[in-house]
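Position 160 of the sequence shown, counting from 1, maps to 146 under the numbering used here, and the rest follow consecutively.
Every residue gets a Cβ at the ideal spot worked out from N, C-alpha and C, and that includes glycine.
Here the structure is a predicted model, which means the values were calculated and not measured.
Heads up: the structure comes next, in structure tokens.
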Amino acid sequence: MLGLMQDWPLTVDKILDRAARYFGDTEIVTRRTDGSVHRTNYAQVHARAKQVSGALKGLGIAAGDRVGTLAWNGARHMESWYGAMGIGAVLHTLNPRLHPDQLAWIINHAQDRVLIFDTSFLPLVEAVRERVSVEHYVIIADAAEMPENQLDAICYEDWIAAAGVDTPWGGFDENSACGLCYTSGTTGNPKGVLYSHRSNTIHAMMAISKDCFDLGSHDTVMPVVPMFHANAWALAFAGPMAGAKMVMPGPGLDGRSIHELLTDERVTLTAAVPTLWMGLLEYMRANDLALPWLKRVCIGGSALPERILRAFEEDYGVEVGHAWGMTECSPIGSVSHVPRDLADAPLDEVLPHKLAQGIPLFGTELRVIDKAGEPVARGSGDSGNLQIRGVAVVSSYFGGEGGEILDTDNWFDTGDLAALDAEGAIHLTDRSKDVIKSGGEWISSIDLENAVLSHPLVSNAAAIAIPNEKWGERPLLIIQPEAGPAPTEEELRSFLDGRIASWWMPDEFRFVEAIPLGATGKVNKLKLREMYADGELAAI
Ligand code: AMP
């Protein structure tokens, strides 16, 4: 027997409809590329998103067509998202930090018909124009700001001004494709994850929940994580869904710019990868600043160093939420969880739980399996392959790339290695390709990095495997020192002594001015391995 309730398709256009209806005056603040601050609200963004829909239709864009964007976080970027998604087109976010060759490959693979982009990316777009089959280019600018270009590009403001605000939204199946995002692609070609309206809507509902973002209409949220990194970790949907004020930082992601917006706009929630927060914390320490309004910071995308956690919680009184996820799971897979009986415990007791990647949100299931394919037991300390399935988890990649990716029970192998604690929370030990295998035993590069990151003179660190005749592989630790006097190798060795198993002690250390970061702000180990092989990492 079927239930007798209404069929109300979960499509993302309804998120902005409701935000405009009930939170129409709530602000969306954008720091633009020129540094100026622009203010609009949900009512205006809704009307202008409708104009984008009309303008896209005017170009012949229909349901299922791909519309690419190459833009920083901003209100106009958000309008173009909802404008495309509302008419059933597929919004494809492109990462401007990718190499032009990779960008061209992705644009062609996705078959983007329109490309909407920020003025600052004109040189990048012009560099790939000969190689891509985009039909229409739209520059996010008004007539006065329009740069000269060789693309016959359309001026965004003129384009939408000519369209009405009454293009209907929705009316399609909730399982229709909604957004497309390519994974970092550290091995092989990048692969497209094709989100549906249903998966994005349900995932946003999961994300605003108390134990994840804890987001409501009295909050002000600043997605520092870019909209091109897995939908700004759901915040481009979760913010309007909650009716929260939004602050969009544009390209200015340095400590000073971020701190200014956090305080001037009274931001209560923000989210980004750890490397970004290192910049903010350094800036605040150097200038003796505080965070009077910020209540919660969500950190994920790579392992959370204890130093960052302690700084936010102890020095600035800001609660840290630590999340694990990946583009393939929309992206939030799990969030750190403090057991009920430790709710009011001092930080030192809570710390191991906060540093762990935690438990899945409702809608997602996780398991860890050993080499024989058997689930590992909670609290056993055994590490194995982390697998995931759920309502917002990929079932296959766009265009069938990579073939079948699920096992018969729908489990998707994340490529991460994890152990389960007694409460069932996951502790990520490594990416399977980053783990260091010494004498057949695993050394966790994450644990090594976190141990050395507690040293006050270490700004960033990366552990990679180097070939070793006797042991197969041994760890090499690459250190980016803080400004000022660098620690010596002897100091680092004695600092690590006792903090890690003795056989984990790196054979070699290298110092670099800046550890290379990938397109989403994570340490680029592929590049570091290449640098090592090419003799570019000089010994100290
Ligand atoms: P991406 O799809 O580019 O966001 O990359 C996803 C990968 O980032 C995951 O498979 C993990 O290896 C890594 N990752 C994400 N969150 C965390 C976390 N909290 N701790 C450690 N690694 C993480």
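Buried or exposed: residue i, going by 16 or more other Cβ atoms within 10 Å of its Cβ?
i, result
"V324", "buried"
"W460", "A small correction: the amino acid at residue 460 is Arg; Trp does not occupy that position in the sequence shown. Answer is buried; the Cβ neighbour count reaches 16."
"L(-12)", "exposed"
"M(-9)", "exposed"
"R271", "exposed"
"P278", "exposed"
"E65", "buried"
"N27", "buried"
"D330", "exposed"
"A6", "buried"
"D402", "buried"
"A289", "buried"
"A309", "buried"
"P473", "buried"
"T394", "exposed"
"G344", "buried"
Give the single residue among the options whose Cα lies nearest to the Cα of residue i.
i, options, result
"L266", "V31, L247 and V380", "L247"
"A451", "V444, I47, P346 and D420", "D420"
"P176", "D(-1), D402, D87 and Q466", "D87"
"D3", "G303, V151 and T261", "V151"
"H122", "K43, G178 and E360", "K43"
"H24", "H95, N59, A5 and L45", "N59"
"A216", "E314, E351 and Y269", "E314"
"P133", "P471, A363, D104 and H32", "D104"
"D301", "V179, T474, L280 and M312", "L280"
"A218", "I486, I285 and S22", "I285"
"T153", "A33, G410 and S488", "A33"
"I465", "N446, N454 and D393", "N446"
"W155", "G311, V31, G72 and R242", "G72"
CB residue i to CB residue j, shorter than 8 Å?
i, j, result
"A448", "L512", "no"
"V321", "C198", "yes"
"V76", "V53", "yes"
"R496", "L523", "yes"
"R115", "I47", "no"
"A505", "L84", "yes"
"G370", "D356", "yes"
"L534", "P82", "No information on residue 534 is available, as it lies outside the stretch -13 to 526 that the chain covers here."
"A139", "I126", "no"
"L347", "S195", "yes"
"E528", "L443", "Since the first residue of the chain shown is -13 and the last is 526, residue 528 is not available in this structure."
"L262", "E299", "no"
"D(-1)", "Y68", "yes"
"A404", "I412", "yes"
"L352", "G307", "no"
"G457", "S424", "First, the amino acid is wrong: residue 457 is Trp here, not Gly. Contact flag set, yes."
"G74", "A49", "yes"
"K508", "G287", "yes"
Who are the Cβ neighbours of residue i in its own chain at under 6 Å, not counting the five residues just before and after it?
i, result
"A190", "A220, F223, A224 and M227"
"E305", "R282"
"E377", "Inspection of the sequence shows that residue 377 is occupied by Val rather than by Glu. I188 and G349."
"D11", "N27"
Note down, in chain order, each residue of its chain lying with its Cβ closer than 8 Å to the Cβ of residue i, except the 5 sequence neighbours on either side.
i, result
"E160", "P(-5), L(-4), T(-3), S182, H183, R184 and T187"
"G303", "L277"
"A90", "V114, R117 and V118"
Can you find the residues in the same chain that come closer than 7 Å, C-beta to C-beta, to residue i, ignoring five residues on each side of it along the sequence?
i, result
"L275", "H245"
"T206", "A230, K231, V233, E251, R252, V253 and T254"
"S203", "F9, A228, G229 and A230"
"P291", "P260, N436 and L439"
"V336", "V324 and L328"
"D240", "G265"
**OP:** Answer yes if the region 130 to 148 comes into contact with the region 36 to 48, meaning at least three C-beta pairs across the two stretches below 8 Å, and no otherwise.
**Re:** yes
**OP:** Determine contact between the region 405 to 422 and the region 431 to 438, defined as no fewer than three beta-carbon pairs at a distance below 8 Å.
**Re:** yes
**OP:** Tell me, please, whether the region 253 to 271 touches the region 204 to 222 by the rule of three or more beta-carbon pairs shorter than 8 Å.
**Re:** yes
Original post:
Does the region 238 to 252 come within contact of the region 11 to 22, defined as at least 3 CB pairs closer than 8 Å?
Top reply: yes
**OP:** Determine contact between the region 397 to 412 and the region 371 to 381, defined as no fewer than three beta-carbon pairs at a distance below 8 Å.
**Re:** When Cβ pairs closer than 8 Å are counted between the two stretches, the region 397 to 412 is seen to touch the region 371 to 381, the count reaching three or more.
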